[in-house]
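Residue numbers in the sequence shown follow our numbering, run continuously in steps of one, and reach 802 at the last position.
Ideal Cβ positions, reconstructed from N, Cα and C, are used throughout, including at glycine.
Here the structure is a predicted model, which is why all the values come from computation and not from measurement.
Working notes, beginning with the structure itself.
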Amino acid sequence: MLNKYSFKAQITWLSTSLILLTVISLTASYWFRITEYAESQVKNQLLFAENVLNQNLVSQEKMLTTAARVLAADFGFKQAVASRDSNTINSVLLNHGERINADLMMLIDVDGQLVSTSASKPLENALIENSIKSLPLIDVHAQFLSIDNLVYQVIVVPVKAPRTIGYSVIGFEVNNASLLQLKELILLDISLIKGTVLMTSTMVEQIPGTQLLSHATSPPSNLLWSKDDFYHQVRPLADSNEISVILSAPLAKYHRDFDQLVYSILVIALMVIFIAIALSKLLSRGMAKPLHSLMKLTERVGRGDLNVPKLTTDLPTEFSELYQSFSVMGAAIKSREEEIKFQAERDMLTGLYNRQKIIQQVTKSINEKQSLTLIAFNIKGFKALNDTIGLINGDNILKVLAQRVCQYLKPIDGTSVNVKGIARLNADEFLLVIDQLNKTQINNFLEHLLLELNRPYWVNQIKIIIALSFGVVLSERDNDDAECLLRRASMTVATANQEQSQIRFYQTGEDEAYLNKLALIDELKSALEQPESPMFMVYQPKLNIKSGKIDKLEALIRWINLKGEFVNPEVFIDLAEKSGLIVNLTRWVILQVVIQIKTWASQGYQFKVSINLSAQDIQHDTFVEYLLDTLAAHQVTPESITLELTERDLAENESLVITRLTYLKSLGFQISVDDYGIGQSSLAKLKQLPVDELKIDKEFILNLDANKQDQDITSSTILLGHKLGLSVVAEGVETKASLVLLADYQCNYAQGYYLSKPLKSNELLQWYMNYDNKTLS
Ligand code: C2E
Ligand code: CA
Ligand code: CA
């Protein structure tokens, strides 16, 4: 709840309420204390006043008593009383009274009847007589007597002659003037009441009589509680039953003092509140400033600016500690971020850029309209090298290679090439992106780079020499995109590898051909996977020249692509080999051929069928297994199958190939060397190979009848083949003349368009049945 207010507001509220609480409790406490004090003061004052009043009454009484005694002892007076000489009594009373300043002089007979009276104020006798009825006729104390609305202090003295013959009464009026004199003595206002009637008072001007009476008869429980200006106390006046005195102590002073105090407290409180607000403002500003700078800091960190600046201002300890923590956090995040960024952009093995990062760099340069040279390079036969020396050693070579490239590109070598980035694209393929140079400059540059990179690599003290191929692509137009340039570079280095060339420049248009190839590979892949394959087998007959019979066929694959076009087998077989699809393709062929042989056998035809293999097939781990399983599954014997491999296929991974072929030959398969004569293998080599048949390449046969050189080569090859115990096949026989020549050379088999083009299985049977063995005649 509190949290929605600002820190500043909270501090202000807190201090203000604390101060107010203090003020209220202080005021309350003072209020009680002052009330107590005022009460005791007032009570003291009243006590004092009462004492003084009593003293005064006593001295007045003494005076009265003396005066009354003097009067009573006056002989003339006694005589006048005894004789009831009223004139004399009157004049004595008058004289006497005047002498002592008495306000009332009376003579009462022993029965209490008024005899004579002399008063400073005119009084009706009836009223006097009525009043004196209550007067006890004893001469001890002065008493109070009210007549009409006047009050007198009177003393009664018997007049004795010697027996009591009457009573003289002398009185002083207790009037306003005498009360005012008293007030000066007791310092309190004083009023006289008779029953509930106000007789006289020193404070008639300040309080109306009725209010005075009501306040006096019901005093407030607390002095300061009432807003009255006076505290009244009613006391009986001497022994009087009738008349009471009200002493009124002024309270205004206490009220005033209290108000003054509260006022001062309030003023002080206000000042303190003001100071508190100012201080809390200062305090909160003191907190707000560091908080603000910390907030700014977190905002910066949030924005990704992780360079926390050094603390320049003085902050309270807690804040500077917090600031330090932020700065440590910023540094930690920064290093994490850099690490993540590095991992996201780098190739972990070499520390070079990865593909994504180099694509970014190239895109950036293209956007900035810079012309670039992309140089892709890889290690020739790296896979084989990896297989030989192991992955870890292979990785080390890649690392050292990357280091050497970076080292070479450091400008200290005087190379003026502006490097945009170096990346490892995949296993052993690297990409170097530099500013555009001309062809000569690039050749020069690579020549020097090669000096560095071709130096031997050492793996466990074994010296390793690697060969590198380079594919160079120059960005041409502004609208080149990075992906496309990278693909061209990869393609060019792949072509350089195939062509066994060290540096190859991308030629405009190669890209499209390459893309077409890729599309074709895709289509080929799905063609092999489809149950209703768009591929099929054709069979080309081989004529046994000596017997004139057709007992062998060569199985050749055909493919009609999605566009309904015939795809040249040499093209897609080449693609299948490059893309690794050949293994599946050969398996598909084997299955088709085996099923066909079985079908023919069931129809009563026995053909030996040649199947073309590629190097990858024979080297494949499960090839032999698959071949044997498939034959067994269809009860076809190895004797029905001839496996054709070219000289080049036989040369690759020679020992493994020889082992496998030897095994297959031992099982009854025939092994044939295809396209013989165009490769480099010598006849001496052939001797070591487990082969049964030699197929002279059609290059020597197609024009055999017309070319003397071909005739020499062919005749001697046949001769030598026979010497090695091999059966010899001539393919590409297109004319009768060629066939006659071959028969002449004792060639064992002839294959070619002169006999038949490759045919679908049913067409072949048709052809076979119509074949009348007149080809030679
Ligand atoms: P290859 O194994 O040398 O096959 C012989 C090629 O010569 C076939 O071409 C055949 O049609 C052609 N030929 C036969 N007689 C004549 C002739 O009198 N004149 C001319 N000009 N050509 C003749 P095709 O069928 O186009 O096959 C080309 C190559 O494709 C084959 O050469 C072989 O290397 C490969 N190939 C074809 N089918 C398969 C297959 O099933 N598996 C594998 N691995 N390769 C195959
Ligand atoms: Ca062949
Ligand atoms: Ca051939």
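Length of the line joining the Cα atoms of residue i and residue j
i, j, result
"N443", "F470", "12 Å"
"K633", "T655", "16 Å"
"G746", "V716", "11 Å"
"K588", "N403", "36 Å"
"L210", "N81", "9 Å"
"D460", "V387", "11 Å"
"N180", "I114", "Residue identity check: residue 180 is Ile in the sequence provided, not Asn. If I take the Cα positions, the gap works out to 18 Å."
"L751", "L416", "43 Å"
"L711", "S604", "29 Å"
"S50", "M312", "31 Å"
"L319", "T338", "12 Å"
"R513", "Y531", "7 Å"
"E393", "E557", "52 Å"
"N411", "D420", "8 Å"
"T520", "R529", "8 Å"
"K408", "V326", "47 Å"
"T687", "V765", "34 Å"
"K33", "Q231", "54 Å"
"K782", "Q644", "31 Å"
Neighbour flag for residue i against chain C, beta carbons, 9 Å
i, result
"F597", "Judged by its chain identifiers, the structure shown contains no chain C, having just a single protein chain."
Distance between beta carbons of residue j and residue i, contact taken as under 8 Å
i, j, result
"M224", "N174", "6 Å"
"V184", "S171", "Not confirmed; about 24 Å, so no contact."
"D699", "E669", "4 Å"
"I422", "I490", "Incorrect: roughly 11 Å between the Cβ atoms, too far for contact."
"K550", "L606", "6 Å"
"Q617", "M562", "5 Å"
"L276", "D254", "6 Å"
"E756", "K720", "6 Å"
Where residue i falls: helix, strand or coil (DSSP)
i, result
"L223", "strand"
"M228", "coil"
"D769", "helix"
"L205", "helix"
"Y30", "coil"
"F367", "helix"
"M131", "strand"
"S273", "strand"
"M560", "strand"
"D599", "helix"
"D730", "coil"
"Y256", "strand"
"W250", "coil"
"D438", "Residue placement at D438 is flagged as unreliable, the pLDDT there being 48, under the threshold of 50; the coordinate-derived value follows with that caveat. The answer is helix: DSSP assigns D438 an H, G or I state."
"T337", "coil"
"K146", "coil"
"G355", "helix"
Chain-order list of residues whose beta-carbon lies under 7 Å from that of residue i (same chain, five-residue window excluded)
i, result
"R260", "E75, S269, V270 and L272"
"N728", "D735"
"G629", "none"
"L139", "M131, I133, N150, I153, E154 and I157"
"V297", "I44"
"S42", "none"
Same chain only: Cβ atoms within 6 Å of residue i, ignoring 5 sequence neighbours per side
i, result
"S40", "A301 and S305"
"K382", "E370"
"E677", "A640"
"G22", "Look at the range of the chain in this structure, 26 to 802, and you will see that residue 22 is not part of it."
Residue j beta carbon less than 9 Å from that of residue i
i, j, result
"R452", "N379", "The sequence given here has Ala at residue 452, not Arg. Result no, Cβ atoms of A452 and N379 do not sit closer than 9 Å."
"A401", "V333", "no"
"S145", "M131", "no"
"A580", "Q621", "yes"
"T533", "E508", "no"
"A93", "I195", "yes"
"L248", "I218", "no"
"Y774", "V753", "yes"
Close-in-space but distant-in-sequence residues of the same chain around residue i (CB under 8 Å, 5 per side omitted)
i, result
"L205", "T227"
"I437", "Reliability fails at I437, whose pLDDT of 46 lies under 50, so the model's placement of it is uncertain and no value is given."
"I36", "S305, L308 and S309"
"I696", "T667, L668, L670, L686, L689, K690, L714, P715, V716, D717 and E718"
"F495", "I400, A401, F402, L471, V518, A521, Q527, I528 and R529"
"S265", "Q168 and F169"
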